[in-house]
Each structure stands twice: as structure tokens, then as C-alpha cells.
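Below is one structure, written out as C-alpha cells; comments come after it.
Protein chains: 2
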Amino acid sequence: MTKHLISLAAVLALSAPAIAQDEPEGAPSPNQIVADAQAGEWVAIAGEDLLVMTLAPAADGSVRQVVMQLMPAPFSAGWTGNIRKLARAQWYDGISINRVQDNYVVQWGDPNVDNPEATGPEKALPADLATMTDGDYIIAGEAIGLSTLAADTQRDLALDTDGMAGTDPTTGIILANGLVDSYAQLSLFHEGWPLASDMGGDNEGEAHVWPIHCYGMIGVGRGYSPDTGTGAELYTVIGHAPRHLDRNIALVGRIVEGIEHLSSLPRGTGDLGFYEDPAQRVPILSIRVASDLAPGERPQFSYLDTDSESFARYADARANRRDPFFIVPAGGADICNIPVPVKRLSE
Amino acid sequence: MTKHLISLAAVLALSAPAIAQDEPEGAPSPNQIVADAQAGEWVAIAGEDLLVMTLAPAADGSVRQVVMQLMPAPFSAGWTGNIRKLARAQWYDGISINRVQDNYVVQWGDPNVDNPEATGPEKALPADLATMTDGDYIIAGEAIGLSTLAADTQRDLALDTDGMAGTDPTTGIILANGLVDSYAQLSLFHEGWPLASDMGGDNEGEAHVWPIHCYGMIGVGRGYSPDTGTGAELYTVIGHAPRHLDRNIALVGRIVEGIEHLSSLPRGTGDLGFYEDPAQRVPILSIRVASDLAPGERPQFSYLDTDSESFARYADARANRRDPFFIVPAGGADICNIPVPVKRLSE
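If you read the protein sequences in the order shown, they are chains X and V.
Per the UniProt record's numbering, the very first residue in the first sequence carries number 1; after that it's consecutive.
Per the UniProt record's numbering, the very first residue in the second sequence carries number 1; after that it's consecutive.
Following this line, the structure appears as C-alpha cells:
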């Protein structure tokens, strides 16, 4: 690589695989910290929580596979249950990616639902899908052991910019370290997921928490309220975190591998990035629950325990880069700029 | 579009062209507010500040043109001056896009600079390029009339979440409304650009301001400090705002049209998204200053005055969606989720 490339590379290493050989001596980069994490700090993702989406092959014939991780209960359990049912009914097989809007979302589903320009019949949905309400977009903080902190404590946490991962003393939950959040009283990590909370500020002291729209998160398309969607229509974020969607749409998981097969698709030229020509849609051949695949075909992934020491050091390094390229550490970060490390298990 | 698509469309309208016909009665969406802005609220962008980059045609033969807007002085003036010199020397003609890293950057420059695998000679740079220092990444707040506010005032501004655009009473500068910023004491808009400031907190009361790494912003590749880069190597952000780069690299402008020609490119498979096969690089045919083009070929753009009433209403609506799809207004936003509206003038 050229000098400039090596150099800028040092800056941009954060979201790339660890490349220690490209980095001079100095404080470890976030990637180096992750690469040095102990085996025991990684948590295996259950096969029931992994979905393998296979797209039609690329123009050059190469395989396009995307692996999704569903959020575990108590988050969005009604929708994730529906998604497993739809996958096991092979309902998703043959639907398509219908929309790609730059700096926003890639969306897939049945292109013929209520479509005046339908090119075929709508696909019937399984009869036993669960129906959720707007209230299911959030859960009580107590459900994950999150206590309600005093307002002044919230502010101290929110304004702490020393970059160290803070811990809620009453719960042990690692808080998004010194993360001043633009959309909530507090943002935090819990069991590998980025969450936000009102810390009771919006609700007479009863704290609520909800998953947030970071890059790669997967949400459920819906009609106007009270419709909350079923999980048959999904989208993933391919741009700056659209946090204004938090608490307004169900989030059900995230892409853990292969998002480039979605984010690099041609942008749609219709309103909101919809493909105007049906031929532009990308066929989805199948979506399968990993645990239903033959043993040899099951992808295995793990995430870095967000309660671990290495994660705290990683989060701190994301908020305060001290590796050689940097001149001024930021002194903070937003939670969507601290992606939870996920890796495919090599076996 | 299907019911789900129409519905999700209503949510996702924010970053799309105004589509009033798709939206039911209700509070205006951010796009509707922009569409309704008065002609006098739009500010023409000088031809000297617009660069037209023409890429090699796409596989289907279609033209790929990207329009960039350079930041006006006093921001990054040394680098933007170099970039105009490089464009007028036609130095950029024949270089290429060498790197595309998902959720991060697209980078272009001379692929043969200090490259052990060079396929040709390095291009000599013009002799009269300016050399900048790390100190040039920030400027004094006074340079844009930004006064230093008392710490308690800063906090009040930073924690104001009523969503209304606030105005610094001493300067009239519209502050990023109710924007709790994760990376600085304050973020604000000034003459069409998103900026952040320490409000003196980092420097014995002397406020500094600097441009920030939002989606589509353009930065200058550099070597290790004290190198600050020349402007010959550039990148643009195609993912979540990498704000940790603020104050560490020079920002010189933003993409105002055609970013999809960059953001939808295949991701590189080498470290940091570099293309491993030189054949994967995308040739840049030319980069021209708009004012140097023939009158009929000069693109003309304007931005929504960030001191205007319509911008204040737009920013408020971005932070507090009240159009029909939404159930819970966010109550705030981060500055990179309030993109400054820019439009091509229709004539």
C-alpha cells in the first residue's frame, strides 16, 4: 500500500480486521484489543438465533450469503418468533430485495403485497403468526436488571467523557462508556446488544430500554399504527444510524456477516430507493435457521462479551484513540460507533 | 408500492425527495418543510467551490459523475487551495478509486505512490502546494463569530431536548438544536456546514470549532503526524459518522450529488477494503472546478440557509418526527442525522 494508504489505513483500521503488522508500536488499537481478547471472553451465538440468507448469485456467479443474528428474548420476542416460523415455512424463499436507499436502508419482502403493479399473486402468510403492539417496542428496565438511577447520576454518567466503560453499581451492567447519547438519557450494552434507556425520565421513574438503529441492525416493516408488522417485511440499516426510528419500529437483530452483499447493491431510482424495474430486484433464494442446517453447514459465530474487561478496553479505545496515527483522542463516542465485535468461529 | 412499503416509506421519507403524494395529512415531514422553503432561504454555492469528478462509465455504459462542494475559508483553506490547483493542473485525471471499506470510506488517489506493487511511476505533484500543520484542523471560534459560552450555558444548550433550534444570543448562530453531542461540548451549523466546538472547555476558555465527519464528508489522506496530507489523496465517508477522526484529519468538503456511484462500489477484499487486483480500481477520468467548465456544463447547486426559519423547522422535525407514521418523537438528534439540504438548481 502507498504511504498515504498505509497511513490513512492506520486511522481507518478501527472497522477492519486487526492488522497489527500494519501498525507501528504504540497504544493498542481497538482491533488489537479485540484480537488479544481471551477465548473465555467470547460468547457463542445460539444456532436458533442465526439465520442464513442466500441471495441469487452475483453477476460473476459468486455466492452471496448473508448471516443474521436475531435478538434473544425479552427483546422483540413476538417478531423473532414469527421470523423463525416464516423461515421454517420457507416463506421467504423466492421473495426479493425491492429497495436500496443510499445512506438509509436495504429492504426485502414480497414485492406483490398490495402492489397495484404486482407481477404475481401475494404469498399467503402462515396462520399462526403473533400480533404485537406498539408497547412491545420497549421493555421494562427491570427485565434486564437495569435499575433506575437518580437523575444526577444519569447526568454524571452521560457527561462522563473519560472514555472508561462505566458500570452501573446496582446491576453490574457495563454502560456505554461516557457515551453522551443524542436520543436517550443513557445508552448501554447488554448481552452483546446496544440499547438505550429513558432511565425513568419519561415515565415517572420507571425505566424502559429498547434496541437502537445502528448500522447493520435489522427492523420490521409495518403499516401505520396500530399495525406493528409481522416480520415478513424486513430492512437493514446501511447508513448513518437512523435513531429517530427507535421505539417506532421493531428491531429484531443485526447482520453479522455478508452485509456488503446488501450495502453495495445499486441504489433504486424510484421514490425512497425502490427499484422501478422488477428486473432490478435481487431474488432471495432462501432464509434458513442455522440450527436447522446439516451439522457441516451450520455457521458458528461468537460475540465479545460486553461485560468483559476486553470489551471495556475496546470501548475505551474506540472513544479515545491512542494508537500512533491519532493526535486528539475524541474523549467520547456514540454507541453506534462502538460496534460489538462478532467473529465467525474458525474450526 | 405495497402497504408495508408505503408505510415504511413514510418513515424513511426523511432522506428521500419530498413525496407528499405518498404521505397522509399530518404534521409536515422534514422533506415537506424543505420542499416548502422560500426561494430566498436557499444560498447559491460558488462555482469555485464545486468540483465535478467523472469516473469511467459503469459496466452498462452509463455515465458516473460525482459533484463535490469544497468548504469555504476559513476552514481547511490550505488544503482546498491545493485541491483546486491539483484539479486545474489536471493532476487527478487518470488516478483511481483504490479502496472501498464497508461502513467506512471510499478512497481515491495515485495507486502508485510509495507502492511496492506499483504498476507505473508515481505522478509528480505540482511544486507550489501549500503545507499545513496539525493546528490547521481546527480554527478559533472567533473566526466565525462564535463566542465562548459559560459552562452552565453550554450544558443547558447541550441538554436542551425540546427539539427547537437554539440560537446563540451573542452571535445569532443557529446551534444544532437540542443536539447532545457525543464528541464535543456543542455541535452547530454555520453557513451550511456541520461543526463541533469545545466552547473553550479544552483550552482555558478559548473556543475552537472544526468540521465533522458526517456521511458524505470528504477528507484528506495523510501520513503520520506531522504530515497533514496535500489533498492529492482523498476519501469520503460511506457509513456511520466516524467522528473519532474529527480534529485528526483535514476535512475539505462533501459530496453533493452522485455519492451512490461511490457508496455502491464493490467492497475491497484486501486489508481495510483496498482492492487487491489493480483491475478492480475504478478509473477517475477527470476532476474539474465547476467555474472552469463551459457555461452550459457548469452544475449549479444551492443549500438551505442554516440560519433560516425553514432550516430551524427542518432540524426540529428531524429531531421530533410528528408526521403520521411516528409514535414516539426522538426528542433530539445527532448533528450527522440532520443533513443540510442541498439541491441542484433547475433551470
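We put the CB at the ideal spot given by N, CA and C, even for glycine.
In this text the structure is predicted, and so the values were computed from the model without any measurement.
- Would you list the residues sitting across from P116(V) in a DSSP beta bridge? The count along the second sequence starts at 1 and reaches residue 116(V) at position 116. Paired residue(s): none; P116(V) is not in a bridge.
- Message: Determine whether the beta carbon atoms of M71(X) and V342(X) lie at a separation below 9 angstroms.
- Response: Looking up residue 71(X) in the first sequence gives position 71. Looking up residue 342(X) in the first sequence gives position 342. Result no, Cβ atoms of M71(X) and V342(X) do not sit closer than 9 angstroms.
- Let me know if I345(V) comes out buried or exposed under the rule of 16 or more other beta-carbons within 10 Å of its beta-carbon. Within the second sequence, the letter at position 345 stands for residue 345(V). Residue 345(V) is actually Leu in this sequence, not Ile. Exposed: under 16 other Cβ atoms inside 10 Å.
- Task: Measure the Cβ-Cβ separation of I95(X) and H208(X) and say whether it is below 9 angstroms.
- Result: The count along the first sequence starts at 1 and reaches residue 95(X) at position 95. The count along the first sequence starts at 1 and reaches residue 208(X) at position 208. The Cβ-Cβ distance between I95(X) and H208(X) does not fall below 9 angstroms.
- Item | Start and end residues, alpha helix (DSSP H) containing I284(X) | Here residue 284(X) is taken as the residue at index 284 of the first sequence, counted from 1. Counting along the chain, no alpha helix (DSSP H) covers I284(X); the unbroken beta strand (DSSP E) around it starts and ends at 282-289.
- Message: When you compare the CB of F326(X) with every CB in chain V, is at least one pair closer than 9 angstroms?
- Response: By one-based count along the first sequence, residue 326(X) stands at place 326. Interface residue, yes.
- If the cut is a Cβ gap below 8 angstroms, which residues of chain V does Y183(X) touch? For this step, residue 183(X) is matched to residue 183 along the first sequence. In chain order: A330, G331, G332, A333, D334.
- Item | CA-to-CA distance, L293(V) to P339(X), given in whole angstroms | Within the first sequence, the letter at position 339 stands for residue 339(X). Within the second sequence, the letter at position 293 stands for residue 293(V). Going from the Cα of P339(X) to the Cα of L293(V) covers about 43 angstroms.
- Message: I want to see whether chain V comes within less than 9 angstroms of V252(X), judged by CB atoms only; does it?
- Response: Taking the first residue of the first sequence as position 1, residue 252(X) is located at position 252. Not closer than 9 angstroms to any Cβ of chain V, the Cβ of V252(X) fails to qualify, so no.
- Pull up the distance between the alpha-carbon of G47(X) and that of A140(X), whole angstroms please. Position 47 of the first sequence holds residue 47(X). Position 140 of the first sequence holds residue 140(X). Answer to the nearest angstrom: the Cα atoms are 27 angstroms apart.
- Task: Would you please verify whether the beta carbon of A277(V) is less than 9 angstroms from any beta carbon of chain X?
- Result: As a first step, residue 277(V) is located in the second sequence; it is residue number 277 there, counting from the start. Before going on, a small fix: residue 277(V) reads as Asp here, not Ala. Put simply, the CB of D277(V) is far from chain X, with every gap to its CB atoms at 9 angstroms or more.
- Task: Give the secondary structure of residue 388(V) by DSSP, where H, G and I count as helix, E and B as strand, and everything else as coil.
- Result: Coverage of chain V is limited to positions 1 through 347, which leaves residue 388(V) absent and any answer about it impossible.
- Within chain X, the residues that R267(V) reaches when beta carbons sit closer than 7 angstroms: By 1-based counting over the second sequence, the position of residue 267(V) is 267. In chain order: E260, S264.
- Query: Does any C-beta atom of chain V lie closer than 9 angstroms to the C-beta of N103(X)?
  - Reply: Here the question's residue 103(X) lines up with position 103 in the first sequence. Yes, its Cβ sits closer than 9 angstroms to a Cβ of chain V.
- Message: With three or more C-beta pairs closer than 8 angstroms as the rule, is the segment 295-303 of chain X touching the segment 28-45 of chain X?
- Response: yes
- Message: So with CB distances below 9 angstroms, who are the chain X contacts of G94(V)?
- Response: Locating residue 94(V) in the second sequence gives position 94, counting from the first residue. None at all; the shortest Cβ gap to chain X is about 16 angstroms.
- Item | Cβ pair count under 8 angstroms reaching 3, the segment 206-220 of chain X against the segment 191-198 of chain X | yes
- Message: If we define contact as Cβ-Cβ less than 9 angstroms, is R88(X) a contact residue for chain V?
- Response: What you label residue 88(X) is simply residue 88 of the first sequence in a count that begins at 1. No, R88(X) lies away from the interface with chain V (no Cβ there is under 9 angstroms from its Cβ).
- Task: Please check if any C-beta of chain V sits within less than 9 angstroms of the C-beta of D134(X).
- Result: Working through the first sequence from its first residue, we reach residue 134(X) at position 134. Cβ-Cβ to chain V under 9 angstroms: yes for D134(X).
- Query: So, is the C-beta of V100(X) closer than 9 angstroms to a C-beta in chain V?
  - Reply: Along the first sequence, read from residue 1 onward, the residue named residue 100(X) stands at position 100. Yes, V100(X) counts as interfacial toward chain V.
- Task: Name, please, each residue of chain X whose Cβ falls closer than 8 angstroms to the Cβ of Y215(V).
- Result: Mapped onto the second sequence, residue 215(V) falls at position 215. Residues of chain X passing the Cβ test: N103, G239, H240.
- Task: Indicate whether at least one CB of chain V lies closer than 9 angstroms to the CB of A124(X).
- Result: As a working mapping, residue 124(X) is identified with position 124 in the first sequence. Under the 9 angstroms criterion on CB atoms, A124(X) is classed as non-interfacial with respect to chain V.
- Query: Taking DSSP as the reference, what is the three-state secondary structure of K123(V)?
  - Reply: Looking up residue 123(V) in the second sequence gives position 123. Three-state DSSP puts K123(V) in coil, outside helix and strand.
- Task: Hey, could you find the ends of the alpha helix (DSSP H) F311(X) is sitting in?
- Result: The residue you call residue 311(X) lines up with position 311 of the first sequence. Here the alpha helix (DSSP H) through F311(X) covers 309-319.
- Range covered by the beta strand (DSSP E) that runs through R254(X): Within the first sequence, the letter at position 254 stands for residue 254(X). It spans 251-257 - the beta strand (DSSP E) in which R254(X) sits, taken as one unbroken run.
- Item | Residues of its chain near L245(V), where Cβ-Cβ distance is below 8 angstroms and the 5 sequence neighbours each way are ignored | The residue you call residue 245(V) lines up with position 245 of the second sequence. These residues qualify, in order along the chain: H213, G219.
- Would you mind working out which of H240(V), N248(V), G239(V), V328(V) sits nearest G221(V), comparing C-alpha positions? Numbered from its first residue, the second sequence carries residue 221(V) at position 221. With distances taken between Cα atoms, G221(V) lies closest to N248(V).
- Along chain X, in chain order, which residues have C-beta atoms closer than 7 angstroms to that of D321(V)? Numbered from 1 along the second sequence, position 321 holds the residue referred to as residue 321(V). In the sequence as displayed, the identity of residue 321(V) is Arg instead of Asp. From the beta-carbon of R321(V), the residues of chain X found nearer than 7 angstroms are H244.
- Query: Going along the chain, which residues of its own chain have a beta-carbon closer than 6 angstroms to the beta-carbon of E257(V), five neighbours each way excluded?
  - Reply: Here residue 257(V) refers to the residue found at position 257 of the second sequence. Counting only Cβ-Cβ distances below 6 angstroms, and skipping sequence neighbours, we find V67.
- Do A130(V) and N82(V) come within 9 angstroms of each other at the CB atom, strictly closer than that value? The residue given as residue 82(V) occupies position 82 in the second sequence. The residue given as residue 130(V) occupies position 130 in the second sequence. Yes, Cβ-Cβ distance for N82(V) and A130(V) is below 9 angstroms.
- Would you mind stating whether L234(X) and Q38(X) have Cβ atoms separated by less than 9 angstroms? In the first sequence, the residue the question calls residue 234(X) occupies position 234. In the first sequence, the residue the question calls residue 38(X) occupies position 38. No, they are not a contact pair.
- Task: Give the DSSP bridge partners of S187(V), in chain order.
- Result: Within the second sequence, the letter at position 187 stands for residue 187(V). A196(V).
- Item | Distance, I287(V) Cα to D93(V) Cα | On the second sequence, residue 93(V) is found 93 positions in, with the first residue counted as 1. On the second sequence, residue 287(V) is found 287 positions in, with the first residue counted as 1. For D93(V) and I287(V), the distance between alpha carbons rounds to 7 angstroms.
- Query: Between which two residues does the beta strand (DSSP E) containing Q32(X) stretch?
  - Reply: Position 32 of the first sequence, counting from 1, holds the residue named residue 32(X). Where Q32(X) is concerned, there is no enclosing beta strand (DSSP E), although the alpha helix (DSSP H) it sits in stretches over 30-35.
- Item | alpha helix (DSSP H) segment containing A87(V), residue limits | For the purposes of this step, residue 87(V) is taken as residue 87 along the second sequence, with counting starting at 1. Segment 77-88, the alpha helix (DSSP H) holding A87(V).
- Span separating the alpha-carbon of Q280(X) from that of P278(V): On the first sequence, position 280 is the one that residue 280(X) refers to. On the second sequence, position 278 is the one that residue 278(V) refers to. Taking the straight line from one Cα to the other gives about 28 angstroms.
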